[in-house]
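Protein chains in written order, with our numbering: chain A, 217 to 663; chain B, 217 to 663; chain C, 2 to 502; chain D, 2 to 502. We put the beta carbon where it would ideally sit given N, CA and C, even for glycine. As the structure is a prediction and not an experimental result, all values here were calculated from the model. As structure tokens, the structure follows; a few thoughts come after it.
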Ligand SMILES: Cc1ncc(COP(=O)(O)O)c(C=O)c1O
Ligand SMILES: Cc1ncc(COP(=O)(O)O)c(C=O)c1O
């Protein structure tokens, strides 16, 4: 099925009207030598019923929520997406619209983005947020680049408690800019010891809150030290924790970034997700990407537009604050709808349920002979489970028993060879936690 | 979750403003003696995440399309529902709207219904259609009642080739009216022999086209005989056959009714479906249910309204043409979108694919030792398979092998003890047909 | 002045450009359809279907691209009011919020893709759902068993009346009439006739309640039963219900409860405890299922023990003991028979079940409490301008009269049309017939105080405008794609379908 | 005159009533949320989270009912243009129909609910899909391998430029600059800078094509490569591409193909065959995935064999033999590293795959044919009123100039706004910068002849109005919820978030 409206008569009339012999004549400006001259070797077309069956068959060969109980974490979480979020963010008028270049025809998207920015600022305790970035890693990179521009420095200190993938992306993204990036190892509590951090000459200190191990860093002290040295503090923050934890803004962070998947977006094998980016008003002209702003129209009515575009690639070109153009607006709208569905009480409840069920899971899993929770102290949504078995082997074995856990941490943290992440969202019940524990016990017994 | 917007403050203010002591005072007009005075004994409330999990768990305990290959028929068919149909008929503005009593705020539904009526008339070859009835059985009943009113007769002849459930419903529905309903048995070709039909004194002759066995009745001859005797011909017609078969209108039927599930509606365990009802202009004032009509508005613009309401219960009350009020409008809209997606070529292709794959299935299944296709001659979408085994037993056995067939016919047709229906839609591939045949062969071999 | 429900750009409803029909967008050879080839070596169509059966007339169906189709119905939908767009205070319709979670549930393949002839062993989840819902609805109504076959309230009514007939006939007692109040909904008398009974109306008294004396007059051994909705169509609770029940039972009649107004009493009082023998519910009202522009609904019918054996076939049979299965029981010798092609509007019942499980016992009672609170609050805000037809507190709805505006030449319909321009869907007008210039208002429990305040302010403004600038009111609406369609002409010059050429 | 994109009744955009923010609908203690209780005997929050970490500032998030939420975003959506509403001829954006079947596919739990850390053995269906899509995209571009990590075109650009750098550095060859045409899209120079290169612009010649001589001037051993989109931003095919490629390769540079305009040549000519070494595609353009009001997209990056080893980690490894599994290969010593948190915008790639399988080889070529046909047909209809900036046939889009209207004081932006009142979304205006009063028009292949005729008629009408009644054009639009918002003020008096109080 090709979705083309042209009838044979249309094609003939249109060719004639625009003065072309035939279809091939349309491509006369293409030198014959480069033309393909054959059909592409791609799979044949399927009719819609055949295609629907084919896609269902492919999908059936992947294991998802209803096959496996999801205790997997590491930056992507099995949260409940309220039915209203899908129904509203999925409205065709949002999904099939383009970037709001004509404000008169785009007040729907523009206002939704303005609301998204306001919500992100509110939970992160910031003044300005943008209309979204690609994902958490990308938001972190843009945060660092902002700090580099703002401080005119090139040294960047990144906590090892930041998602290893985000740190990889940071290295890759900035490899052409020759930044000098230092890693700050965690102590045996799984957190960063502020005393060991020397931000002298640094553009930014980057931490995660909670960090990759679910632990709570001492952001305030780190921010103070960073500021003393003239560096900015960039805080990767889980938005679902913001109902119960202090905001990065309150703790002194200059830039708050994060992954918004947990807010109304599906797991979808890692994307499309949404990068959250917020900062202080002083830094607004350094902000990457689109920003919606409020103004008035010719009749004095409130109206929304894309603003401060002089920062962006289509105006500033080589000197733009970022190269981002297409972003993740639809995911941002879903996040806005989800946050509005939650409200202050709902976000607090969400945080509380995650924190308390995580604690319950930690307690239960620690009872398993040979297992322990690697790091002491407060956790949010995620814990590091140390097991007598190789973590990758155990992870595979557990999926055979109907549980998805992990990722195993050995690849990134040699000191955490036999450790893996276990994430607990509001969807995981105590019955499921017990079942997981029993599955692990069985598995260990078998070895 | 209760979906109530009232804050405690709201409740207090509203009670005060309307002069009530407390909530209980609102129910002062209810005598204490009849009040319940306790909480209802119903299951406790679930939060949305818990509810979503609970519903998924219930759903997982039912076997559907992706578990079983569906060759089942008998008035409900596994046709492909184009993705566009669900996306459009599912639009909240259609789904959450009420009956279009205020035309100014209901042009969307009213025009969609007008288009539905036009499409139904077109495929059935009729002048007038209504806005839908509950289902195929209900449409048949209303067709008979129309004939009874129009002819002032009470004798009704119904072919045994009409869906047994429809015939049951007809008996139940009219049991209070004391109609005298005669059944017309099928001959050994599975069709009605017009020669055996004596419509003298009858209000209606009722046949199905194609009939319950997938066979094509001689509607034209039956119509002629009915008309000679002053009776009306009511034809239960499968809309998906109308791309390749003559319309009931063309063959002389006075009333065409049918089940519209095959047009863009899901199987959904038997409902919500949609009853199609169409007839000739002369009979318009006898038509049951709502009808949308075209008119002009105060500015001369084309507009649509509910019309000829004097036929209906809310005006005519005890003398109404029917008691129907709420109908199946949303399913009618889905049917309209599906028919518009198909167009003339698509409907013809749909009919051709069903007919030819059914023929292919008939040929293949007839090769199974001990099996035969019970009735000779042309079929559409459905065949009667005769097997050496008890049909109900075989049906159960096949579902264990991953195929849904049936229904078995013995319960309704003593002469078809070992017979069951096999339905073939455009979704069934020749590979699936072979697999079904092999499953039957295996099953028979085992006995 | 701006337009309400304006179609999108490109379809501006200026007097000159009407919104095209899908047929008018058709172009020969354009297509949206995509279907497989008839496979392999299957015989050709003309070998399969004899010429006499082959379609000869060409079909004038629209030929459009999928994009044409999508834009047509997307824009068409934008020309319609809906609960998801704004308040819908239609009396007797309980237009409350339809939870999205219920749509999610009904869409699960394990419900949406079940074939009605699938064996019981294959659909245990679905049957358990229905079984639990049946128990809950019986508990809420005080009945013993129910059938899910009725697709809507009216079909429930007929089913109940046929069971009433079966009950009497089982005792060789043939009765001729069923009594209904003059304020009854049209489906009541229509169903009575369809069941082969004569409908006899009894008047309401000055309280707006059934005139007990008149009722007693009407009752006799010809009386099969009484149909009543309580609270009644005026939104008033029939406080004499016990006496009414006694009187009807006295003559051997049965009491039928029309559950369209059940929303106002769920968890507070049960039809069974009032003395009713037969009850239908409109799940598309009380249980918040989407109304789909006129349907689908679901009208399950519940009955007391003595009527159980007459229920339509099949009825659901719960597992006798653990390990057993849910199953359909077809062995029902006294059943009135089947009333639906299959098992009723299952998909709607799934939504109702989801709503039930979302609310729980407290939630169920609260919908009644808040529905009644909202109605009385709104009533108090507009009483001075639109007095209610009958004194006293109302339940979930009330009937006001606009007759006071008549002297300015403003009718109830004008009030309704003007209300549209002020951003609200009008209440039900001219029903019930027993009230002059009736405005029947049911805000439902899911509307907020702000919405009700706004609605009241708009109504009071209109009352003022009726005096100051009646033309403004009579000229309304001006903000809609079409204005006051000519209904008389529609009925006179019948245009009931598009026709080619 | 009626309004375009009118919000529904109750939100009439009269000058006085602005559409509220969700925050402005908030009422203390109102709630939509529904979440489980923290279960069982788990320790209380204050035992778990030290005071120093506990939130102290109250959160000013909206408190609304689910119905408030639903109405707010439903009505908000109706205030927006979309492909499903009407034509969207934005140049360089390929706003074509987004098939609904692709939405169905992406929503299947087997795709939508996969966790990115699920083991390869658990996601074989997903990996096979990606593998098949990779092969097809490589075939269509004439490249060897690709990565799906880039979430959009710009991220693909950066990835490609970093690979360009890795390529040169692997040969101990440090280069400083990347050449781009002056008509290049802004992301090109921005990505060049981000990759640590200097962007050097070369002018277009009078044909609107790369000035070959100027290019040769610019090329030297400092040149890492050239970024080009072909057809270029003016919709013209760079016919000297072979010579251009030779010249660039001559100095040891690489050719980067910006695939944003790939729609016009799929199946006709392949970037690889033109001499390009690196190609990004915008699947959200060429492969019809919904643009979501600004995103998400997907910008897979494909490269020729010699660059393969630099691809981001991991890359997909096909089953070596039957029975083997698809897997992610992390053993890539020369890789530039990771560019996305996980595997890119998988959900978008599922949609692109669905589109691919729906079209097949013939379909793919036809989208190019019809896109070019539609553009040239539209061009021929408006050429006399809006001449194109450069002579000759165009590909999928063309750039006209409105400078002829300047003498009536009518600017390109006025034409755009007036077009809105006539029911069409305007083309891209004032881009590319090299054309004065530019109108950049891309109808795409899914628009019908009728739509294009209507668009052309509207544009020609506006040209006439510019002479006869310029004020009408300069005063447009008048049919939208808001009119000509003050962008200067927005940038001057920053209001970038709602704030409490
Ligand atoms: C009081 C009353 N009774 C019966 C009915 C009929 O119910 P249904 O429309 O579902 O057939 C209605 C519905 O409008 C009603 O309001
Ligand atoms: C020519 C050209 N190049 C690059 C891009 C950037 O692609 P994206 O917006 O997906 O980052 C675009 C998108 O507008 C474009 O038109």
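State buried or exposed for residue i, treating a residue as buried only when at least 16 other CB atoms are found within 10 Å of its CB.
i             : result
residue 198/B : Chain B is shown only over 217 to 663; residue 198/B falls outside these bounds and no answer can be derived.
residue 529/A : buried
residue 425/C : buried
residue 439/B : buried
residue 391/C : buried
residue 218/D : exposed
residue 70/D  : buried
residue 398/D : buried
Taking 7 Å as the CB-CB limit, is residue i close to chain D?
i             : result
residue 247/A : yes
Is the Cβ of residue i closer than 7 Å to any Cβ of chain B?
i             : result
residue 101/D : yes
residue 37/D  : yes
When the Cα atoms are used, what is the spatial distance from residue i to residue j?
i             : j             : result
residue 610/A : residue 24/D  : 47 Å
residue 460/D : residue 418/D : 11 Å
residue 58/D  : residue 462/A : 8 Å
residue 496/C : residue 329/B : 13 Å
residue 227/D : residue 317/A : 29 Å
residue 75/C  : residue 300/D : 29 Å
residue 448/D : residue 223/D : 45 Å
Looking at C-alpha atoms only, which residue of the options is the closest neighbour of residue i?
i             : options             : result
residue 277/D : 368/D, 284/D, 307/D : 307/D
residue 439/D : 389/D, 462/D, 478/D : 389/D
residue 349/B : 396/B, 598/B, 507/B : 507/B
Are the C-beta atoms of residue i and some chain C residue less than 7 Å apart?
i             : result
residue 304/B : yes
residue 319/A : no
residue 322/B : yes
residue 498/A : no
Could you confirm whether any beta carbon from chain A is found closer than 7 Å to the beta carbon of residue i?
i           : result
residue 2/D : Unreliable placement is indicated for residue 2/D, whose pLDDT of 30 sits below 50; the coordinate value is still reported in the next sentence. False, the Cβ-Cβ gap to chain A never drops below 7 Å.
Exercise for the section: At 4 residues or longer, and completely inside the region 221–268 of chain D: list those alpha helix (DSSP H) runs for me, N to C. Expected result: Correct list: 242–251.
Practice task
Any chance you could list the alpha helix (DSSP H) runs of at least 4 consecutive residues sitting entirely within the region 505–540 of chain A, in chain order?
Solution key: Complete alpha helix (DSSP H) runs here, min 4: 529–532.
Problem - Ordered list of alpha helix (DSSP H) runs contained in the region 386–468 of chain A, each at least 4 residues - result: For the region 386–468 of chain A, the continuous alpha helix (DSSP H) assignments of 4+ residues that do not extend past its boundaries occur at 435–444, in sequence order.
Exercise for the section: Please list the segments of the alpha helix (DSSP H) lying wholly inside the region 34–121 of chain D, counting only runs of 4 or more residues, in order along the chain. Expected result: Listed in chain order, the complete alpha helix (DSSP H) runs (minimum 4 residues) inside the region 34–121 of chain D are 46–49, 67–79, 101–107, 110–113.
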